[in-house]
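Enquirer: The structure under discussion is supplied below as structure tokens; questions concerning it will follow.
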Amino acid sequence: MKHIFTAIKNRINRNEEESITMKKNLKLEAPWYTYQKKVKALFERDPEIKVGDIILPEDGRADYLFDIEVRNHEKFLALDRVFPKCVQFGNITLAINLYDEENDAGADDVLALYETIFKGNPIVKDVRTAIDHMGTKHGFIRFQPEVIQFFDDDIYDYEGNWTGLAQDIAREVFANETRGIHFCTASVKEAKNPAGE
48 MKHIFTAIKN RINRNEEESI TMKKNLKLEA PWYTYQKKVK ALFERDPEIK VGDIILPEDG
108 RADYLFDIEV RNHEKFLALD RVFPKCVQFG NITLAINLYD EENDAGADDV LALYETIFKG
168 NPIVKDVRTA IDHMGTKHGF IRFQPEVIQF FDDDIYDYEG NWTGLAQDIA REVFANETRG
228 IHFCTASVKE AKNPAGE
């Protein structure tokens with residue numbers, strides 16, 4: 048009988064140790080991450096729908112965002128009608144970018160518009176494209192690595208100037224920054240070594 052009690056006691060101790068180990072590995076996530084995981088779980092078996100990871104948006108229209116790429120135009124149109132574009136979690140806004148291959152192809156057209164807008168403007172270093180881990184093409188308008196400064200009655204600046212980067216101005220001026228088109232600053236190293244040597 049004593050052996051049975053010892054076995055039960057050992058089993059209880061083992062269960063407590065496993066419970067403590069599980070608690071140590073427990074990580075709490077914010078509800079917007081849970082929401083994205085739910086959406087991903089809902090569509091992960093559909094080969095025509097890819098749900099991206101949560102990222103910080105460049106345009107400031109939301110606190111977080113994730114993409115949903117739909118490779119079937121009819122599904123895209125249906126999802127576009129019923130799927131929310133923004134979800135609120137208290138004071139946190141989660142944006143959802145829903146697009147399809149047909150809309151994504153428009154990114155080339157929009158990139159061409161920006162190339163036309165900035166053609167001959169020395170503030171722009173170049174315009175490039177890159178493919179992300181999900182196979183989506185992105186366009187990058189890359190500004191020269193230099194500071195822009197102008198007088199603006201800024202009481203926080205000794206001279207009263209506003210000081211910043213062209214990428215920040217472009218993000219604000221082109222408030223409707225198109226999905227897949229990004230404003231950024233070229234590396235200072237490129238400016239010092241333009242030939243890439």
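Add 47 to the 1-based position in the sequence shown for our numbering, that's all there is to it. Glycine residues also receive a C-beta, built at the ideal position from the N, C-alpha and C atoms.
According to DSSP, simplified to helix, strand and coil, what is lysine 87?
Expert: Looking at lysine 87 - three-state DSSP - the assignment turns out to be helix.
Enquirer: Measuring straight from C-alpha to C-alpha, what distance separates glutamine 191 and aspartate 106?
Expert: C-alpha separation (whole angstroms): 20 Å.
Enquirer: Who are the Cβ neighbours of lysine 97 in its own chain at under 6 Å, not counting the five residues just before and after it?
Expert: Once the five neighbours on either side are set aside, the close Cβ partners of lysine 97 are Glu116, Met181.
Enquirer: Thinking tyrosine 114 and glycine 137 are a contact (beta carbons under 8 Å), I'd like their distance in whole angstroms, please.
Expert: Note that residue 114 is aspartate in the sequence shown here, rather than tyrosine. Contact doesn't hold; Cβ gap of about 23 Å is too wide.
Enquirer: What I want to know is whether the C-beta of glycine 107 ends up closer than 7 Å to one or more non-hydrogen atoms of the ligand MG.
Expert: This structure lacks the ligand MG; in fact it carries no ligand of any kind.
Enquirer: So which of Leu126, Leu124, Tyr161, Val194 has the shortest CA-CA distance to valine 220?
Expert: The residue with the shortest Cα to Cα distance from valine 220 is Tyr161.
Enquirer: Here's the rule I'm using: 16 or more other beta-carbon atoms within 10 Å means buried, otherwise exposed. How should glycine 243 be labelled?
Expert: Interpretation of glycine 243 is limited by its pLDDT of 47, a score under 50 that renders its predicted location unreliable; no figure is taken from the coordinates.
Enquirer: Quick check: what's the CA-CA separation for lysine 172 versus arginine 189?
Expert: Between lysine 172 and arginine 189, the C-alpha separation is close to 6 Å.
Enquirer: How should leucine 75 be labelled, buried or exposed, when 16 other C-beta atoms within 10 angstroms of its C-beta is the threshold for buried?
Expert: It is exposed - the Cβ of leucine 75 has fewer than 16 other Cβ atoms within 10 Å.
Enquirer: Leaving aside the five residues before and after phenylalanine 185 along the sequence, list all residues of the same chain whose C-beta is less than 8 Å from its C-beta, in chain order.
Expert: Reading off the sequence shown, one finds histidine at residue 185, where the question assumed phenylalanine. Closer than 8 Å at Cβ, skipping near neighbours: Ala154, Thr176, Ala177, Ile178, Asp179, Gly227, Ile228, His229.
Enquirer: Quick check: what's the CA-CA separation for alanine 88 versus isoleucine 170?
Expert: Those two C-alpha atoms are separated by around 44 Å.
Enquirer: Does isoleucine 143 come out as helix, strand or coil in the three-state DSSP assignment?
Expert: In this structure, isoleucine 143 counts as strand in the three-state DSSP scheme.
Enquirer: Taking phenylalanine 197 as the reference, which of Phe187, Ile143, Trp209 has the closest Cα?
Expert: Selected option, being the one with the closest Cα: Trp209.
Enquirer: Once the 5 residues before and after alanine 233 are set aside, which same chain residues still bring their CB inside 6 Å of it?
Expert: So the qualifying residues of the chain are Lys172, Arg189, Pro192.
Enquirer: Based on Cα-Cα distance, which residue from Asp200, Phe187, Asp127 lies nearest to leucine 158?
Expert: Here the closest residue by C-alpha is Phe187.
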